[in-house]
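For reference, the structure is listed below as structure tokens.
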Amino acid sequence: MCDTEVFNAYRHRWWDMSQRRRTFISSVGTATAIGLAGCLGGDGGDGGDTDSDGGDGGDGDSGPAARIGMVYATGGLGDGSFNDQAQTGAIRSADELNIEYDESQPEAVQDFSSLQQQYAQSSNPDYDLVCCIGFLQADALTETASQYPEQDFMIVDSVVEADNVGSYVFGEHQGSFLIGLMAAKLTSQDFSAGNGSTQADSASVGFVGGVEGDLIGRFEAGYKAGVKYAEEDVDVQTAYVGDFNDPSGGQEAALSMYESGADIVYHAAGNTGTGVFRAAQEAERFAVGVDRDQSVTKSDFSDVILASMVKRVDNAVYTSVESVVNDNFEGGAVNTLGLEQNGVEAVYGQQLGSEIPQDIKDQVSEVRQSIIDGDISVPTDPNNA
510 MCDTEVFNAY RHRWWDMSQR RRTFISSVGT ATAIGLAGCL GGDGGDGGDT
560 DSDGGDGGDG DSGPAARIGM VYATGGLGDG SFNDQAQTGA IRSADELNIE
610 YDESQPEAVQ DFSSLQQQYA QSSNPDYDLV CCIGFLQADA LTETASQYPE
660 QDFMIVDSVV EADNVGSYVF GEHQGSFLIG LMAAKLTSQD FSAGNGSTQA
710 DSASVGFVGG VEGDLIGRFE AGYKAGVKYA EEDVDVQTAY VGDFNDPSGG
760 QEAALSMYES GADIVYHAAG NTGTGVFRAA QEAERFAVGV DRDQSVTKSD
810 FSDVILASMV KRVDNAVYTS VESVVNDNFE GGAVNTLGLE QNGVEAVYGQ
860 QLGSEIPQDI KDQVSEVRQS IIDGDISVPT DPNNA
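Start counting the sequence shown at 510; every next residue gets the next number (the working numbering).
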């Protein structure tokens, strides 16, 4: 069984890049309790709460334990996926560690450098850690870290070799292997649930990626390898949209796959994946989410979301902040979070998870343990899957 996760929306601040000036904007959200459906393996995390009021001060005279700057990936908050998962880590840190944080939502890759540098050079307030969310920030951070050697940074999804940068990478290929196994087993049989069903005359699945590269390639590689491990004859269709914030492109790519016989499409594409879910409903087929339990964060599509490959970016953010608060931050360290560390997990959808046959769930659980034990080696390159 999974623990229940509580994700709360907070009053928060960010630099408005559309105006190209430092502007603090406050917005108030409501707390939402979210219960995860049955896991394919591993535990969920806990959310938090904070009373941040948009000011620069701390709690009374003592001040916050640390101040953190968050630079999100393009696509911004509200994606129900990668950025929102990172924010959950900041929220939990504010609640449990008595820190305060500011947020920045870049519009384009070229904004990363200026945002990183604004946090690094700020003295009022002074930031103890700058969190850089997403592999596309690596090039900018390599330069920024060298320019500000006294500033600590962390980056998610890439490795920046610098003494003042902690790098956090994940075993996306491992979690995706479990998704591929499940998808292959389901497309190979008659299966109906919610608003979707498989096609009796084909055994085919699909993968939609955002921006092509080594990172998203690990999702694709693990997925394809899991499919082939389960059912050698299942066809795997793949497409890259070239953007993490293009739902229309995601919908078009997924519809093409469904029309070509795919029963299930797995996306690793940020907000572009919203279009995959729309296509699944339109075609009355199935989809698989990423980064968070998207049957919850994209609940309008829960009738077609079989599962999600959850990536605990929130844990990476929280762990890095905790190390700063405890004065044991390790710059230059590379932290790898795979199945064994509960850094990635495959989580069944809330509405459809109970409909998936138990024998498939049992196989997924067994294979998960085999990967952890080292009995199954999962490729990271799609060309080797």
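Idealized CB from N, CA, C, for every residue including glycine.
With contact counted as at least three CB pairs below 8 Å, one residue from each stretch, are the segment 691 to 709 and the segment 794 to 812 in contact?
Counting Cβ pairs under 8 Å, three or more are found: they touch.
List the endpoints of the continuous alpha helix (DSSP H) containing Gln872.
It spans 867 to 882 - the alpha helix (DSSP H) in which Gln872 sits, taken as one unbroken run.
Given Ala739 as reference, the closest of Thr597, Ala894, Val819, Ser769 once Cα atoms are compared:
Minimum Cα distance to Ala739 is reached at Ala894.
Can you name the residues that DSSP bridges to Ala702?
Beta-bridge pairing links Ala702 to Gly705.
Indicate the three-state DSSP secondary structure (helix, strand or coil) for Thr835 in the structure shown.
Residue 835 is actually Asn in this sequence, not Thr. Looking at Asn835 - three-state DSSP - the assignment turns out to be coil, as it is neither helix nor strand.
As assigned by DSSP and simplified to three states, the class of Leu848:
Residue state, collapsed to three classes: coil.
Could you tell me the distance, in whole angstroms, from the CA atom of Gly758 to the CA atom of Asn780?
Inter-residue distance for Gly758 and Asn780 is about 10 Å (C-alpha atoms, whole angstroms).
Would you tell me roughly how many angstroms separate the C-alpha atoms of Phe621 and Gln656, rounded to the nearest one?
Cα-Cα distance, rounded: 15 Å.
Would Asp744 pass as a contact of Ala788 if the rule is Cβ separation under 8 Å?
No, Cβ-Cβ distance for Asp744 and Ala788 is not below 8 Å.
Roughly how many angstroms separate the alpha carbons of Ile880 and Gln630, rounded to a whole number?
Taking the straight line from one Cα to the other gives about 44 Å.
Minimum length 4: unbroken alpha helix (DSSP H) runs contained in the segment 748 to 833:
Every alpha helix (DSSP H) of 4 residues or more that sits fully in the segment 748 to 833 is shown, in chain order, as 756 to 768, 782 to 792, 803 to 806.
Return the first residue and the last residue of the beta strand (DSSP E) that Tyr662 is part of.
The amino acid at residue 662 is misidentified as Tyr; the sequence shows Phe. Segment 662 to 665, the beta strand (DSSP E) holding Phe662.
Determine the direct distance from the alpha carbon of Asp611 to that of Asp661, and round the result to whole angstroms.
If you draw a straight line from the Cα of Asp661 to the Cα of Asp611, it comes to about 15 Å.
Rounded to whole angstroms, what is the Cα-Cα separation between Thr653 and Ser676?
Computed Cα separation, rounded: 15 Å.
Counting pairs of beta carbons, one from the segment 597 to 609 and one from the segment 677 to 685, are three or more of them closer than 8 Å?
These segments do not touch.
Count the other CB atoms within 10 Å of the CB of Ser863; is the residue buried (16 or more) or exposed (fewer)?
That one is exposed.
Need the endpoints of the alpha helix (DSSP H) that Tyr628 sits in, please.
Under the DSSP assignment, Tyr628 falls in the alpha helix (DSSP H) whose first and last residues are 621 to 630.
For Thr696, is the classification buried or exposed, using 16 other Cβ atoms within 10 angstroms of its Cβ as the cut-off for buried?
Per the 10 Å Cβ criterion, buried.
Bridge partners of Ser676, per DSSP?
As a beta-bridge residue in DSSP terms, Ser676 pairs with Ile664, Val843.
Who are the near neighbours of Gln860 in its chain, counting only those whose CB is closer than 7 Å to its CB and skipping five residues on each side?
Counting only residues of its own chain and dropping the five nearest sequence neighbours on each side, Gln860 has a CB closer than 7 Å to the CB of Gly703, Ser804, Ser811, Asp812.
Which value, in whole angstroms, describes the spacing of the CA atoms of Glu761 and Val834?
Put simply, the backbone Cα of Glu761 is about 46 Å away from that of Val834.
Mapping the DSSP letters down to three states, classify Tyr732 as helix, strand or coil.
If DSSP states are grouped into helix, strand and coil, Tyr732 belongs with the helices.
Ordered along the chain, which non-local residues of its own chain (more than five positions away) have a Cβ less than 7 Å from that of Phe830?
The residue you asked about is not Phe; residue 830 is Val in the sequence shown. Non-local beta-carbon contacts of Val830 in its own chain, meaning distances under 7 Å to residues more than five positions away in sequence, involve Ala575, Ile577, Ser602, Leu606, Ile608, Leu638 in chain order.
Counting only the same chain and skipping the five closest in sequence on each side, list residues whose C-beta sits under 7 Å from that of Gln625.
Within the same chain, Val580, Val639, Cys641, Ala649, Leu650, Thr653 come within 7 Å of Gln625 by CB-CB distance, once the 5 residues on both sides are set aside.
Within the continuous alpha helix (DSSP H) that includes Gly689, where are the two ends?
Residues 681 to 696.
Check each candidate in Val668, Glu729, Asn592 and name the one with the smallest Cα separation from Val714.
Ranking the options by Cα distance to Val714, first place goes to Glu729.
Assuming contact is defined by CB atoms lying nearer than 8 Å, are Ala778 and Arg794 in contact in what I supplied?
Cβ atoms of Ala778 and Arg794: not closer than 8 Å.
Minimum C-alpha distance to Gln582 - residue among Ser571, Thr597, Ala599, Glu616
Looking at the sequence itself, residue 582 is Ala, so the reference to Gln does not match. Considering only alpha carbons, the answer is Glu616.
Kindly list the residues whose CB is nearer than 6 Å to the CB of Tyr749, restricted to its own chain and excluding five residues on each side of it in sequence; keep chain order.
Take Tyr749, set aside five residues on each side of it, and the residues of its chain with a beta-carbon closer than 6 Å to its own are Gly718, Glu721, in chain order.
Comparing C-alpha positions only, which one of Gly841, Val853, Ile865, Gln850 sits nearest to Ala671?
Ala671 has its Cα closest to that of Gly841, out of Gly841, Val853, Ile865, Gln850.
As assigned by DSSP and simplified to three states, the class of Asp635
Looking at Asp635 - three-state DSSP - the assignment turns out to be strand.
Delimiting residues of the beta strand (DSSP E) encompassing Glu605
Under the DSSP assignment, Glu605 falls outside any beta strand (DSSP E), being part of the alpha helix (DSSP H) whose first and last residues are 591 to 606.
By how many angstroms is the C-alpha of Gln878 removed from the C-alpha of Pro866?
Between Pro866 and Gln878, the C-alpha separation is close to 19 Å.
Taking just the CA atoms, how far does Ala709 sit from Ala595?
For the pair Ala595 and Ala709, the Cα-to-Cα distance works out to about 40 Å.
Per DSSP, which residues does Glu612 bridge with? Please list them.
When beta bridges are read from the DSSP output, Glu612 appears opposite Met579.
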